[in-house]
Amino acid sequence: ALAKNVIFLFMYGGPSHVDLFDYKPALEKYAGKSVGDHVDTKGSRSSGGLFPSPYKFQQHGQSGHWVSDRYPHLSRVIDHTAMLRGVYGHSISHAPALFEVNTGMIRTGFPSLGSWVNYGLGTENQDLPGFVVMYDYRGGPIGGAPNWGAGFLPGAYQGTPVRSKGTPILNLNRPDQVGVVQQRELLDFAGKMNRTHQRSHPAESALEARIQSFELAYRMQAAAPGSLDLNGETDATKKLYGIEKGNPGEYFGTQCLMARRLVERGVRFVQLYSGGGHGDNNWDAHGNITGNHNKHCAATDQPMAGLIQDLDQRGLLDETLVVWGGEFGRTPHKQGGSGRDHHPFGFTMWMAGGGIKGGTSYGETDEVGYHAAIDRTSIHDVHATILHLMGMDHEKLTYRFSGRDFRLTDVAGEVIHKVIV
Numbered sequence: 011a012l013a014k015n016v017i018f019l020f021m022y023g024g025p026s027h028v029d030l031f032d033y034k035p036a037l038e039k040y041a042g043k044s045v046g047d048h049v050d051t052k053g054s055r056s057s058g059g060l061f062p063s064p065y066k067f068q069q070h071g072q073s074g075h076w077v078s079d080r081y082p083h084l085s086r087v088i089d090h091t092a093m094l095r096g097v098y099g100h101s102i103s104h105a106p107a108l109f110e111v112n113t114g115m116i117r118t119g120f121p122s123l124g125s126w127v128n129y130g131l132g133t134e135n136q137d138l139p140g141f142v143v144m145y146d147y148r149g150g151p152i153g154g155a156p157n158w159g160a161g162f163l164p165g166a167y168q169g170t171p172v173r174s175k176g177t178p179i180l181n182l183n184r185p186d187q188v189g190v191v192q193q194r195e196l197l198d199f200a201g202k203m204n205r206t207h208q209r210s211h212p213a214e215s216a217l218e219a220r221i222q223s224f225e226l227a228y229r230m231q232a233a234a235p236g237s238l239d240l241n242g243e244t245d246a247t248k249k250l251y252g253i254e255k256g257n258p259g260e261y262f263g264t265q266c267l268m269a270r271r272l273v274e275r276g277v278r279f280v281q282l283y284s285g286g287g288h289g290d291n292n293w294d295a296h297g298n299i300t301g302n303h304n305k306h307c308a309a310t311d312q313p314m315a316g317l318i319q320d321l322d323q324r325g326l327l328d329e330t331l332v333v334w335g336g337e338f339g340r341t342p343h344k345q346g347g348s349g350r351d352h353h354p355f356g357f358t359m360w361m362a363g364g365g366i367k368g369g370t371s372y373g374e375t376d377e378v379g380y381h382a383a384i385d386r387t388s389i390h391d392v393h394a395t396i397l398h399l400m401g402m403d404h405e406k407l408t409y410r411f412s413g414r415d416f417r418l419t420d421v422a423g424e425v426i427h428k429v430i431v
């Protein structure tokens, strides 16, 4: 295995590839011209004039990766990243697109990527969950818990939600009126009754998950608070992540620093969501790309750059795979006043650390950024690559359910060897 842990930075709502990482000068050349004059728009739900990015692009680092001026901090560490600029999905709607990026399928009910990793490798720390999810304080993504659910895998492999604002894990602490010995006796009694019931219902995996969750919660009472407490971090480290009053990166920076502390302690898979709820509280910039992306880029730029720098300085980047992406990109043509619509036909993701050959790129969209055109990369390819970096063969990681063996990558997926060391 090249990586031991994954931190997935999920930009919920659909970040615009043509405004962040996929520079398209042709949008200037053909500005205002109908998108249908240049590309096949079958499957799209909107059409409009081609819309140049309001942002300036520049090449950065030895790699020469193009990066928008919205990411000044990230551009300084961009040589650590491998850009996947030819990714495509199969749904133009948020929920199924979220399910596809998270589970490989546009339908609900399938195990999430983090659950498959947790199932395949287990946790390195028995006192903490193997898979932790931190969603935005403004709300979770559309589709909710199935985005980090275990599907038909045993329930013990599902993601554990952790809040990065307020109390991190609700209802974890022992009530004051219950003593330590008394709590242990209560858990032992409940466990005994559950095991008795389980013997007469052996096919009920939810009960086993419930038993394990009680025991994990008991162990987490000691381990979790210290893992998520940032008081021991230096001011310099917090500043690196943008954790300062008035800094737009304060909130997401807290999530990123918590993620570093969790992987440091053996949590296998951590997923962070930037953006929550509806409208401009996430990256879904239908009406005003500038107003929306100015806000969300400012909130994530320094935290993401700080995470990569901090992992690198601590010698953790080589064993921690950092993944960035959303459920789709945004149209190269205009929607509404100055917005962009959902766009699954070609968009960008990137990876860094854990076995990734920094400074490389794979895949391209067409001249205007509409279709993935060269080295087209499916979500199954992305998942196959992540599993490969974690030391697992995506064709052999299977689970028997309903009479057949299921995989995260279904019957597809190719490892993207070009971006691997």
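In the numbering used here, the protein residues as written are 11 to 431. C-beta: ideal position from N, C-alpha, C; glycine also.
DSSP, read as helix, strand or coil, puts residue 113 in helix. At a cut-off of 3 residues, the continuous stretches assigned as beta strand (DSSP E) that sit fully inside the region 373–406 are 382–384. Bounds of the alpha helix (DSSP H) holding residue 261 are 260–274.
In the structure shown, the three-state DSSP call for residue 41 is coil. Look at the beta carbons and you see the region 137–153 touching the region 277–288: at least three pairs across the two are nearer than 8 Å. Three or more beta-carbon pairs separated by less than 8 Å link the region 390–399 to the region 408–426, which places the two stretches in contact. As a beta-bridge residue in DSSP terms, residue 360 pairs with 93 and 334.
In this model, residue 430 and residue 175 are separated by some 36 Å (Cα to Cα). In the same chain as residue 11, and ignoring 5 residues on each side of it, the C-beta atoms closer than 7 Å to its own belong to 400 and 401, in chain order. DSSP, reduced to helix, strand and coil, places residue 318 within a helical segment of the structure shown.
Contact between the region 351–364 and the region 329–343 is established, with three or more Cβ pairs separated by less than 8 Å.
Taking 8 Å as the cut-off, the Cβ atoms of residue 158 and residue 128 do not count as close.
Taking a 10 Å sphere around the C-beta of residue 203, we find fewer than 16 other C-beta atoms and assign the residue as exposed. One Cα belongs to residue 162, the other to residue 60, and the distance between them is close to 43 Å. Following the DSSP letters along the chain, one finds residue 411 inside the beta strand (DSSP E) bounded by residues 408–411.
Going by beta carbons, residue 78 and residue 89 fall outside the 8 Å limit. Here DSSP, grouped into helix, strand and coil, assigns residue 169 to coil.
In its chain, beyond the 5 residues on either side, 329 have a beta carbon closer than 6 Å to the beta carbon of residue 14.
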